[in-house]
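Chains A and B, in that order, are what the protein sequence lines are.
Using numbering that gives the first Met the number 0, the first residue of the first sequence is number 0, and each one after it goes up by one.
Using numbering that gives the first Met the number 0, the first residue of the second sequence is number 0, and each one after it goes up by one.
Here's the structure we're looking at; comments come further down.
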Amino acid sequence: MTIECGVFHTTYESDMGLRRLPTERIRLGLFLIFIVVFPFLATPYWLNLGNQIAIATVGAIGLNILVGYTGQISLGQGAFMAVGAYSAGLLTLRAGLPWGVSIFLACLITSAVGSFFGIPSLRLKGLYLAIATLAAQEIIEWVVTHWTAVTGGTDALVVPAPELFGLRLNTDFRFYWLAVILAGATALFTANLFRSKVGRAFVAVRDQDVAASVIGVNVFRYKLLAFATSSFFVGLAGAMIAYYRNIITWERFTLETSIIYLAMIIVGGLGTIRGSLFGAALITLLPAFISSLGRGLQDSAPAVAAQLPNIQQAAFGIVIILFLVFEPEGLSKLWRNVKDYFHVWPFAYRRGNGER
Amino acid sequence: MDAFLQLTVAGLSTGMIYALVAVGFVVIYKASDVINFAQGDLLLFGTYLIFFNIVQLGLPWTVGVVITVIIAAGIGLLIERTVLRPLIGEPVISMIMVTIGLSSVLRALTNALWGPQPRAFPPFLPGGEVSIGTATVAADRLVAIPLALGLLALLALFFRYARDGIAMRAIADDQLAALSMGISIPRVFAVAWGLSAVTAAVGGMMLGNIVGVSPSIAAVGLRVFPVVILGGLDSIGGAIVGGAIIGLLEVYTGGYIGHGLNLIVPYIVLILVLMVRPYGLFGKEVIERV
Numbered sequence: 000m001t002i003e004c005g006v007f008h009t010t011y012e013s014d015m016g017l018r019r020l021p022t023e024r025i026r027l028g029l030f031l032i033f034i035v036v037f038p039f040l041a042t043p044y045w046l047n048l049g050n051q052i053a054i055a056t057v058g059a060i061g062l063n064i065l066v067g068y069t070g071q072i073s074l075g076q077g078a079f080m081a082v083g084a085y086s087a088g089l090l091t092l093r094a095g096l097p098w099g100v101s102i103f104l105a106c107l108i109t110s111a112v113g114s115f116f117g118i119p120s121l122r123l124k125g126l127y128l129a130i131a132t133l134a135a136q137e138i139i140e141w142v143v144t145h146w147t148a149v150t151g152g153t154d155a156l157v158v159p160a161p162e163l164f165g166l167r168l169n170t171d172f173r174f175y176w177l178a179v180i181l182a183g184a185t186a187l188f189t190a191n192l193f194r195s196k197v198g199r200a201f202v203a204v205r206d207q208d209v210a211a212s213v214i215g216v217n218v219f220r221y222k223l224l225a226f227a228t229s230s231f232f233v234g235l236a237g238a239m240i241a242y243y244r245n246i247i248t249w250e251r252f253t254l255e256t257s258i259i260y261l262a263m264i265i266v267g268g269l270g271t272i273r274g275s276l277f278g279a280a281l282i283t284l285l286p287a288f289i290s291s292l293g294r295g296l297q298d299s300a301p302a303v304a305a306q307l308p309n310i311q312q313a314a315f316g317i318v319i320i321l322f323l324v325f326e327p328e329g330l331s332k333l334w335r336n337v338k339d340y341f342h343v344w345p346f347a348y349r350r351g352n353g354e355r
Numbered sequence: 000m001d002a003f004l005q006l007t008v009a010g011l012s013t014g015m016i017y018a019l020v021a022v023g024f025v026v027i028y029k030a031s032d033v034i035n036f037a038q039g040d041l042l043l044f045g046t047y048l049i050f051f052n053i054v055q056l057g058l059p060w061t062v063g064v065v066i067t068v069i070i071a072a073g074i075g076l077l078i079e080r081t082v083l084r085p086l087i088g089e090p091v092i093s094m095i096m097v098t099i100g101l102s103s104v105l106r107a108l109t110n111a112l113w114g115p116q117p118r119a120f121p122p123f124l125p126g127g128e129v130s131i132g133t134a135t136v137a138a139d140r141l142v143a144i145p146l147a148l149g150l151l152a153l154l155a156l157f158f159r160y161a162r163d164g165i166a167m168r169a170i171a172d173d174q175l176a177a178l179s180m181g182i183s184i185p186r187v188f189a190v191a192w193g194l195s196a197v198t199a200a201v202g203g204m205m206l207g208n209i210v211g212v213s214p215s216i217a218a219v220g221l222r223v224f225p226v227v228i229l230g231g232l233d234s235i236g237g238a239i240v241g242g243a244i245i246g247l248l249e250v251y252t253g254g255y256i257g258h259g260l261n262l263i264v265p266y267i268v269l270i271l272v273l274m275v276r277p278y279g280l281f282g283k284e285v286i287e288r289v
């Protein structure tokens with residue numbers, strides 16, 4: 000954290016605050032107003048996208064805790080989401096638990112499963128860990144599709160919509176509030192996590208694990224804790240999908256899902272909460288945007304419209320490559336550039352680069 | 000016993016193709032520390048290229064193979080120059096993601112050009128069946144084994160005697176020392192990618208010959224991970240042994256146990272190897288404790 004040019008904090012509270020500048024608070028206020036007003040103005044199509052973005056944000060923040068903040072690569076995101084979704088669904092269907100309880104238990108179960116597959120991180124890092132989590136993805140996927148007695152195998156699992164104060168959250172408009180509150184809570188928790196001892200230990204492990212262990216951070220313990228915390232929110236995202244779609248199928252949680260979430264945090268910016276939101280929004284909106292373009296071309300250029308899935312896939316890959324080559328720090332860096340520019344406008348004086 | 004022999008031939012032929020693809024993977028990893036998740040899509044692209052050359056253009060298969068190899072090498076070089084070179088020195092996660100992005104683009108390109116439906120492949124390996132004792136095994140699978148082994152031997156010779164091969168080993172050993180001896184790192188990276196794309200394409204040709212051409216064969220790209228980890232990430236001999244073991248294991252569990260267990264057995268082996276012996280059977284033992 001650097002001190003902004005022209006800002007002088009006189010109390011600990013203002014120095015340690017999550018939002019330290021008046022402009023930051025105004026921006027947050029405007030964002031909150033947008034969040035509240037959005038569902039009243041949006042068409043059902045946009046509401047659906049909004050819900051998807053909220054859920055993806057939770058999953059992306061979860062993954063970012065592990066990959067962006069702690070530096071442990073995971074390709075098992077899809078499988079961990081499956082654990083969350085299936086546990087939540089099954090706890091409601093088979094054990095008859097209320098949805099709130101089953102979501103929470105599902106998060107804990109995913110957390111446990113995530114920590115289990117995090118054990119190899121004791122000995123492995125970087126690419127080896129990536130491959131180990133890839134194996135976790137394949138194994139969990141196989142268990143989900145073959146443990147027919149419990150998961151129903153490849154058949155879909157139908158989950159009832161959650162009910163709050165006698166109100167069924169079965170429309171996009173009603174579910175939106177639940178999704179946004181959960182996403183907000185996730186963001187707030189994570190923002191605070193990285194102001195705490197635990198969060199700083201995560202970052203220390205990422206930046207230089209040997210140095211971290213020298214200054215007294217129990218590296219393995221914090222790696223496992225990172226897997227557990229991350230999987231908790233990943234499981235939450237999975238459970239939200241279960242209750243939002245009301246149907247759970249394993250196709251939603253394949254390796255492709257893991258890759259999509261990794262793309263979100265790469266494009267948005269590793270190790271930032273804002274980046275998780277930006278990335279979730281961009282990667283969710285990109286295919287939607289392309290297919291709406293394609294619908295426009297249906298009559299004039301049917302050949303192009305027929306290639307739509309391929310164009311979406313290619314665009315997905317190209318976006319990842321372009322960001323990695325030209326802006327490895329992602330959208331959150333771009334946003335910071337814009338902010339920095341206006342911060343001291345009209346002067347060209349820039350503040351330090353260390354701030355995340 | 001007959002079933003056992005058939006399964007063994009099937010397992011070994013699959014395993015040798017795995018080994019071929021795995022070597023392409025190892026070459027890139029050894030030279031530049033990049034994990035190439037696009038290997039399966041390079042293979043897919045190579046398979047469709049040869050399909051295009053032989054079936055759609057009607058070229059004789061010898062010419063078709065040569066053209067495919069040249070184009071594959073060109074694609075490898077192009078990828079290295081445009082995508083990988085700007086990323087030299089970036090963290091592992093960036094390298095992994097950029098190859099995942101590449102795989103997405105390549106797959107979209109393949110689908111756009113040739114569509115998703117499976118195609119019949121013009122066999123250029125001998126067809127029919129061969130009887131060994133009382134068992135009959137598919138001839139193309141039987142031929143694929145020595146063919147893949149021969150190609151792997153050629154690659155081993157390349158690393159042993161060719162100038163670029165030696166340079167590649169030097170860089171894998173110690174990048175800084177190699178650099179100070181006047182070895183051009185970008186050139187070696189380019190050769191590695193070209194070579195890797197070619198082995199993927201050749202593996203694709205053989206696989207396409209055996210199982211037919213369809214987008215699903217790109218999955219081989221993920222199945223080589225257990226192979227390379229088991230064999231050791233930086234060893235060609237390891238890739239051969241690992242390929243054989245994983246191929247046989249897959250086929251035996253598929254044949255004797257079933258339940259689709261053959262799909263995950265390699266990954267279970269992978270986890271066990273990572274827990275017990277992360278550098279694999281023949282990999283260089285680098286001790287790094289945290």
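Heads up, the beta-carbon is just placed ideally off N, CA and C, and yes, glycines get one too.
List the endpoints of the continuous alpha helix (DSSP H) containing Glu79 of chain B. Neither: Glu79 of chain B is in no alpha helix (DSSP H) and is coded neither H nor E.
Backbone secondary structure at Val129 of chain B - three-state DSSP: strand
Cutting at 6 Å between CB atoms, please list the residues of its own chain near Leu96 of chain A, excluding the five before and the five after it. Leu90, listed in sequence order.
Does the beta-carbon of Ser195 of chain A have 16 or more other beta-carbons within 10 angstroms, so that it is buried, or is it exposed? Its Cβ having fewer than 16 others within 10 Å, Ser195 of chain A is exposed.
Note down, in chain order, every chain B residue with its Cβ under 9 Å from the Cβ of Val324 of chain A. Thr81, Val82, Pro85, Leu86, Val97
At a Cβ threshold of 8 Å, is Leu261 of chain A touching chain B? yes
Members of the segment 243-259 of chain B near chain A, C-beta cut-off 7 Å: Within the segment 243-259 of chain B, the residues whose Cβ lies closer than 7 Å to some Cβ of chain A are His258, Gly259, listed in chain order.
For Thr135 of chain B: DSSP bridge partner residues: B:Ser130
State the start and end residues of the unbroken alpha helix (DSSP H) segment that holds Pro43 of chain A. 43-63
Report the partner residues of Val212 of chain B according to the DSSP bridge assignment. B:Arg118
Provide the residue span of the alpha helix (DSSP H) that contains Thr7 of chain B, from first to last. Segment 1-31, the alpha helix (DSSP H) holding Thr7 of chain B.
Just checking my contact of Met263 of chain A with Ala78 of chain A at CB under 8 Å: how many whole Å lie between their CB atoms? A Cβ-Cβ separation of about 17 Å leaves Met263 of chain A out of contact with Ala78 of chain A under the 8 Å criterion.
Run the CB neighbour count on Gly75 of chain B, radius 10 Å, all protein chains shown included, and call it buried at 16 or more, exposed below. buried
Could you please give me the residues that DSSP links to Arg167 of chain A through a beta bridge? Answer is A:Glu162.
Using a threshold of 8 Å, state whether the C-beta atoms of Ser86 of chain A and Lys222 of chain A are closer than that. no
Using only CA atoms, which one of A:Val218, A:Ser291, A:Tyr44 lies nearest to Thr69 of chain A? A:Val218
Leaving out five residues on either side along the sequence, give the residues of the same chain with a beta carbon under 8 Å from the beta carbon of Met15 of chain A. Arg194
Neighbourhood of Val143 of chain A by C-beta, 6 Å cutoff - its chain only, sequence neighbours within 5 removed: Ala81, Thr150, Trp249
Suppose only complete runs of 4+ residues qualify. What are the alpha helix (DSSP H) ranges in the segment 214-283 of chain B, listed by chain order? 219-230, 235-251, 264-275
Could you name the residues of chain B that Gly58 of chain A contacts, counting a contact when the two beta carbons are closer than 7 Å? Ordered by position in chain B, no residue passes the 7 Å Cβ test against Gly58 of chain A, which lies about 17 Å from the chain.
If distances are taken between C-alpha atoms only, which option among B:Gly237, B:Phe158, B:Val240 comes closest to Ala191 of chain B? If we check each option's Cα against that of Ala191 of chain B, B:Phe158 comes out closest.
Are Gly193 of chain B and Ala72 of chain B touching if we call contact CB-CB under 8 Å? Going by C-beta atoms, Gly193 of chain B is nearer than 8 Å to Ala72 of chain B.
Would a check of beta-carbon distances place Leu4 of chain B closer than 8 Å to chain A? By this cut-off, Leu4 of chain B is not an interface position.
Measure from the alpha carbon of Met96 of chain B to the alpha carbon of each residue in A:Gly316, A:Val202, A:Tyr340, then state which is nearest. A:Gly316
Interface partners of Leu77 of chain B on chain A, CB under 7 Å: Ordered by position in chain A, no residue passes the 7 Å Cβ test against Leu77 of chain B, which lies about 13 Å from the chain.
Between which residues of its own chain and Leu296 of chain A is the CB-CB distance below 6 Å, once the five residues before and five after are set aside? So the list reads Val303, Ala304, once near-sequence residues are dropped.
Member of A:Ala135, A:Ile259, A:Tyr243 whose CA lies at the smallest distance from the CA of Pro286 of chain A: A:Ile259
Given a cut-off of 8 Å, decide if Phe277 of chain A and Ser331 of chain A are closer than it, judged by their beta-carbon atoms. In this structure, Phe277 of chain A lies closer than 8 Å to Ser331 of chain A by Cβ.
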